[in-house]
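Below you can see the structure in the form of structure tokens.
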């Protein structure tokens, strides 16, 4: 199984997904860009250690690798970011022709109206030119518009990820569960990340509510992020639904 992760940066959700897939012994490919500096070298070395194919990872001679610091508490989180190479990366640069053998493509970086058309064209191209399934983790809409046009993407997505706030904004519903049920009418599956409350997964308008008490070894439980939990949940659901393409995260 080959998996392409397409994202704005190697430390994104797609980067983490690639690392996890590589550790499982599969053959992930990451497409993105880093600078020709110590941080870029750190990312490339980490990819190689985890058996991630970085042949599509561009090394910029002009810009430095992007860096983000996360400030997190129980109620909120903020990021201080130097965009660096992320500033010029665009989803239009994803070369689908080079990954036609991929079984699954994981896409992140959607930011609403800022890049809606580019993502729609990419998803259409993936469906037209490959046999890959697609998972899609939306990003925060910094414009605050949360336009309903995001639904144009859903028919091309097999597994849609949002967090609780994103789902309520995009769904224009009182609850994330209501939004997930609506999303699942056109997307293959809608998965909503609910923080301490666990996650909601909906397929064919059938709910599966899963809390955070996953049956995992204590050591692994302490290291897993919420995103990892959600990926494991989806993998369990894919097994139940007899879908043979898997996605994962470290």
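In my numbering, the protein residues as written are 11 to 260.
All C-beta atoms in this analysis are idealised placements derived from N, C-alpha and C, irrespective of residue type, glycine included.
Counting along the chain, residue 138 sits inside the alpha helix (DSSP H) bounded by residues 126-139. Segment contact: the region 30-40 against the region 58-72, three or more CB-CB distances shorter than 8 Å; contact assigned. Comparing C-alpha distances from residue 178 to each of 169, 118, 154 and 50 shows the shortest one belongs to 154. In this chain, the beta strand (DSSP E) harbouring residue 92 covers 87-92.
Around the beta carbon of residue 92, fewer than 16 other beta carbons sit within 10 angstroms, so the residue counts as exposed.
In the DSSP annotation of this structure, the continuous segment of the beta strand (DSSP E) that includes residue 211 starts and ends at 209-213. When beta bridges are read from the DSSP output, residue 104 appears opposite no residue. The region 101-111 makes no contact with the region 80-91; the number of CB pairs closer than 8 Å stays below 3. Note on geometry: alpha-carbon atoms of residue 26 and residue 183 lie some 30 Å from one another. When C-alpha distances from residue 207 are compared across 174, 107 and 46, the shortest belongs to 174. Going by DSSP, residue 200 is part of no alpha helix (DSSP H) but of the beta strand (DSSP E) stretching over 200-203.
The C-beta distance from residue 213 to residue 194 rounds to 6 Å, short enough to fall under 8 Å. Bounds of any beta strand (DSSP E) do not take in residue 52; it lies within the alpha helix (DSSP H) bounded by 48-59.
Under the three-state reduction of DSSP output, residue 185 falls in the coil class, being neither helix nor strand. Check the Cα spacing between residue 160 and each of 39, 124 and 140: the tightest is with 124. With distances taken between CA atoms, residue 115 lies nearest to 135 out of 151, 51 and 135. DSSP places residue 64 in the uninterrupted beta strand (DSSP E) bounded by 63-70. Here residue 97 carries a helix assignment [DSSP, helix/strand/coil]. Pairing residue 162 with residue 132 gives a Cβ-Cβ distance that is not under 8 Å.
When only Cα atoms are considered, residue 145 and residue 99 end up about 20 Å apart.
Taking a contact as a CB-CB distance under 8 Å, the pair residue 168 and residue 198 counts as one, their CB atoms being some 4 Å apart.
Nearest neighbour of residue 196 by Cα position, chosen from 180, 165 and 122, turns out to be 165. In this structure residue 128 is not in contact with residue 110, their Cβ atoms being roughly 20 Å apart against a cut-off of 8 Å. Its Cα nearest to that of residue 47, the residue 73 stands out among 73, 24 and 36. Cα atoms of residue 76 and residue 97: separation of roughly 8 Å, rounded to the nearest angstrom.
The C-beta of residue 42 has 16 or more other C-beta atoms within 10 Å across all chains shown, which makes the residue buried. For residue 50 and residue 137, the gap between their C-alpha atoms comes out near 32 Å.
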